[in-house]
Amino acid sequence: VGELGLVFDYINCDEVLYLMPDPIATLTVLKQVLKPQGILRVNVHNQYQRQLYFQAQEFFGLLGLMQDNPEEFELKTVQEIMEQLVDKCDLKRVTWNKSYEGELNDKISEFILMNCLLQGDKGFTIPQIFEYLEGADLEFVEMVNWPKWRLKSLFKDPKNLPTVLSLAVEEATQAEILHLVNLLHGGERLLDLWCGHPNGELPIVPQGQAMVSFHPQLRNKEVQEVWQAHLQGGRPLILSKYLRLPAQGPLQTEQA
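Right, here's the structure in full:
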């Protein structure tokens, strides 16, 4: 990337970092080609959600199925073992289902290769990924799927958290709160986040010269039509209706 002679507004480092031998070095290289106000998306496998898959990889590695690039024999062997395990076996219950059985096809092969036989796979925690960001002099912006990382959403009464927890949260850093969420409900396969240069404050641009760029999900004919209607004096535009990611509430513009 550094040899391209280019700099980028946005870099999507998806499903890569957890396979790299030195995450900090990788992030440092990406930072060097990121514009001052650019955004870098990175993710790593979640140690807690992924734990049984790591156990599966270790198990099949001990059987000699991961010594070379796995091929049809190794894939069918994984199938045979998983099919014959009792359903109450933790490894089978969490990592397997009947759709992975039967004749090998591209979907089944991809699942086995990317989960049961993935060489070099590693898991990480929130403190680790924040340590990597600090080591590369990058600043955390937000989790990609941020609504799932709100601590209060895990409690029956979000406005009345247990006293000890409430006091701890008041003094906790953003990284510490995210770590608490992951310990309570580590269901996300990826620790998926946006980051950028530290203290990357945007320059103040006069209103008449300001440019707004829509998210790619909003760049379609339907949104263009409702946006034009909104600019012509229509009702407020609720942008969250057109986004695939969930929002905690309506995301709308003010009346034109």
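Residue numbering for the sequence shown follows my numbering, beginning at 2 and increasing consecutively. For glycine and all other residues, C-beta sits at the position ideal for the given N, C-alpha and C.
For residue i, the residue or residues it bridges with in DSSP
i, result
"D193", "N44"
"L35", "F9"
"C14", "V43"
"F125", "N47"
"E143", "W195"
Proximity of residue i and residue j at Cβ, strictly below 8 Å
i, j, result
"L191", "V45", "yes"
"R51", "G121", "no"
"L64", "V34", "no"
"I12", "Y133", "no"
"V2", "L31", "yes"
"L41", "L139", "yes"
"V43", "L5", "no"
"L162", "K153", "yes"
"L185", "M144", "no"
"N47", "G136", "no"
"M67", "F61", "yes"
"L92", "Q56", "yes"
Whole-Å CB distance - residue i paired with residue j, under 8 Å assumed
i, j, result
"N183", "I127", "5 Å"
"I113", "V142", "Not really, about 35 Å apart at Cβ, beyond 8 Å."
"K77", "L105", "7 Å"
"L238", "H231", "4 Å"
"N116", "Y54", "5 Å"
"I178", "V170", "6 Å"
"D15", "K36", "Not really, about 19 Å apart at Cβ, beyond 8 Å."
"A173", "F131", "With a Cβ gap of about 13 Å, A173 and F131 do not count as contacting."
"E102", "E84", "5 Å"
"G39", "G234", "With a Cβ gap of about 36 Å, G39 and G234 do not count as contacting."
Where residue i sits in the DSSP three-state scheme
i, result
"A257", "Because A257 carries a pLDDT of 48, less than 50, the predicted location of this residue cannot be relied on, and the following value inherits that uncertainty. A257 falls in the coil class under three-state DSSP."
"L219", "helix"
"C90", "coil"
"D138", "coil"
"D107", "helix"
"V170", "helix"
"G209", "helix"
"H180", "helix"
"F131", "helix"
"L119", "coil"
"K160", "coil"
"G62", "helix"
"M67", "coil"
"V258", "Outside the displayed range of the chain (2 to 257) lies residue 258, so it cannot be described from this structure."
"Y19", "helix"
"W228", "helix"
"Q233", "coil"
"S214", "coil"
"L114", "helix"
Per-residue burial, residue i [other beta carbons within 10 Å of its own, 16 or more giving buried]
i, result
"T27", "buried"
"A257", "Note on A257: pLDDT 48, under 50, position unreliable in the model; no value is reported."
"I205", "exposed"
"Q58", "buried"
"E189", "buried"
"N200", "exposed"
"D69", "exposed"
"F74", "exposed"
"F156", "exposed"
"F215", "exposed"
Beta carbon proximity, residue i to chain D, threshold 8 Å
i, result
"Q120", "In the displayed structure, chain D is absent; only one protein chain is listed."
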